[in-house]
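Each residue of the sequence shown is one higher than the last, beginning at 629 in this note's numbering. Don't be surprised by glycine CBs; every beta carbon is placed ideally from N, CA and C. Okay, so here's the structure we're looking at.
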Amino acid sequence: MTISLNDILAISAPERYKLHLACRNPDGVHPLDEFVGHPDNWRGWNEWRGHRDDWTRPCVLSFMEYYPKTDAWLFGGAFEVIERREDGYRLQPDPRLEKYAGRLVASFHRYRGMRGRAFKLEAYIDQFTVSELLPQVYSGESFPGLDRINHDFGTLAAIFQAERADWKAALQSMKGIYVISDRSNGKQYIGSAYGDAGIWSRWACYIGTGHGWNDELIKLVQIKGPKYARENFRFAILEVMTKSTPDDVVLEREAHWKRALLTREHGYNRN
């Protein structure tokens, strides 16, 4: 049985609301990643004004694209517009609906012609159906298993910033070989986690720097800018080993993958 969005939210006057559909911004930052990694920043996504006055109605009903699923949107809250300023809005959350923020996932197909972020709620509210109600506020994708990691930089950044316990427990206990793929050109970088650090600490360095202190990636980020890594890098694990595996074994396997994938000749490896 289909449950409509308004069966849950019970908004009696949708003509008082603007619908906010938040997607990845021009800097490559995704609102769902911000919600997970920097929860306070989500308010900024709603209070930002830019050169247009999008919130011309008394209230805003806000959703962010929920990329783990197709045509899915995570409810980000309902807000009353308290003040309109040249540099932004001042919003007040609706306490009646706060219990659903970050938990209610709705299904909605955004048509190709729907440009921008602000829409009249009454035109679309009946097209939203409830997909699921999470047991707690969304805190990032659950750990999928070592053999299923194939994640964009931004998604991992949110997980690492939130320090999701399931990801951290799995990755910090393992040495291994990983690959970073550049989606803009297909080039790859093969790296390894050895010593006492584990994959978690090694990848945390990439999240913090964008390049992990690898020579060719440093050059790339210096030329292209920090957002290049967020927009283009994708991480996967090729091989895992226990913490007791000798480091020389890890390094030999790293060299094998560099030879197998030709990353010295056609990728970002130089040694």
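Task: Length of the line joining the Cα atoms of A700 and V733 - done: Working through the sequence shown from its first residue, we reach residue 700 at position 72. Working through the sequence shown from its first residue, we reach residue 733 at position 105. So the alpha carbons of these two residues sit roughly 7 Å apart.
- [ ] Pull up the DSSP beta-bridge partners for F703, would you.
- [x] By one-based count along the sequence shown, residue 703 stands at place 75. Note: F703 sits in a beta bridge opposite F691.
Task: Runs of beta strand (DSSP E) wholly within the stretch 715-776 (minimum 3 residues, chain order) - done: 716-721, 732-735, 746-748, 757-761
Task: Neighbourhood of R792 by C-beta distance below 6 Å, restricted to the same chain and skipping five residues each side - done: For the purposes of this step, residue 792 is identified with residue 164 of the sequence shown, where counting begins at 1. So the list reads G768, once near-sequence residues are dropped.
Open item on the list: Contact defined as beta carbons within less than 8 Å: I believe R712 pairs with D681. What is the distance between those atoms, to the nearest angstrom?
Closed with: Translated into positions along the sequence shown, residue 712 becomes position 84. Translated into positions along the sequence shown, residue 681 becomes position 53. The Cβ separation is near 7 Å, so the contact holds.
- [ ] Could you tell me which of V657, S735, N653 sits nearest to R745, measuring between CA atoms?
- [x] Indexing the sequence shown from 1 puts residue 745 at position 117. It is N653 whose Cα lies nearest to the Cα of R745.
Open item on the list: Taking 7 Å as the cut-off, is the beta-carbon of F788 closer than that to any non-hydrogen atom of the ligand SAH?
Closed with: The ligand content of the structure shown is nil, which means the ligand SAH is not present either.
TODO: Could you tell me whether the stretch 804-815 touches the stretch 882-891, where touching means 3 or more Cβ pairs closer than 8 Å?
DONE: Touching, yes, given that three or more Cβ pairs across the two stretches are closer than 8 Å.
- [ ] Taking W828 and K796 to be in contact with their CB atoms under 8 Å, please state how far apart those CB atoms are, rounded to whole angstroms.
- [x] By one-based count along the sequence shown, residue 828 stands at place 200. By one-based count along the sequence shown, residue 796 stands at place 168. Yes, they are in contact, since the Cβ atoms of W828 and K796 sit about 5 Å apart, within 8 Å.
Open item on the list: Which residue wins for smallest C-alpha separation from E662, given the options V849, P874, A790?
Closed with: Numbered from its first residue, the sequence shown carries residue 662 at position 34. Checked all of V849, P874, A790; the closest Cα to E662 is A790.
Open item on the list: If I follow the unbroken alpha helix (DSSP H) through N860, where does it start and stop?
Closed with: Walking along the sequence shown from the start, residue 860 turns up at place 232. That run of the alpha helix (DSSP H) goes 855-860.
Task: Limits of the beta strand (DSSP E) - the one that H779 falls within - done: Taking the sequence shown and counting its residues from 1, the one referred to as residue 779 is at position 151. DSSP places H779 inside the beta strand (DSSP E), whose first and last residues are 778-780.
Task: C-alpha gap between E693 and H658, whole angstroms - done: Numbered from 1 along the sequence shown, position 65 holds the residue referred to as residue 693. Numbered from 1 along the sequence shown, position 30 holds the residue referred to as residue 658. Answer to the nearest angstrom: the Cα atoms are 8 Å apart.
Open item on the list: Taking a contact to mean a Cβ-Cβ separation below 8 Å, would you say V765 touches L633 in this structure?
Closed with: Your numbering for residue 765 matches position 137 in the sequence shown. Your numbering for residue 633 matches position 5 in the sequence shown. No.
Task: Residues of its chain near G840, where Cβ-Cβ distance is below 6 Å and the 5 sequence neighbours each way are ignored - done: For the purposes of this step, residue 840 is taken as the residue at position 212 of the sequence shown. Cβ contact annotation for G840 (same chain, cutoff 6 Å, sequence separation greater than five): C833, Y834, in chain order.
Task: Q816 - containing beta strand (DSSP E), residue span - done: The residue given as residue 816 occupies position 188 in the sequence shown. 816-821 is the span of the beta strand (DSSP E), which, as asked, contains Q816.
TODO: Would you mind listing the beta strand (DSSP E) stretches within the stretch 644-695 that are 3+ residues and don't spill past its ends, in chain order?
DONE: 645-650, 687-693
Task: Buried/exposed call for S801, threshold 16 Cβ in 10 Å - done: Position 173 of the sequence shown, counted from the first residue, corresponds to residue 801. Burial call: exposed.
Task: E641 - DSSP class collapsed to helix/strand/coil - done: Looking up residue 641 in the sequence shown gives position 13. In the sequence as presented, Glu is not what sits at residue 641; that position holds Ala. Looking at A641 - three-state DSSP - the assignment turns out to be coil, as it is neither helix nor strand.
- [ ] Indicate whether L774 and V877 have their beta-carbon atoms separated by less than 8 Å.
- [x] For the purposes of this step, residue 774 is identified with residue 146 of the sequence shown, where counting begins at 1. For the purposes of this step, residue 877 is identified with residue 249 of the sequence shown, where counting begins at 1. Going by C-beta atoms, L774 is not nearer than 8 Å to V877.
Open item on the list: Starting from S809, trace the beta strand (DSSP E) in both directions and tell me its first and last residue.
Closed with: Here residue 809 corresponds to residue number 181 of the sequence shown, with the count starting at 1. Element bounds for S809: 802-810.
Open item on the list: To the nearest angstrom, how far is the alpha carbon of L848 from that of Y822?
Closed with: Against the sequence shown, residue 848 aligns to sequence position 220. Against the sequence shown, residue 822 aligns to sequence position 194. C-alpha separation (whole angstroms): 24 Å.
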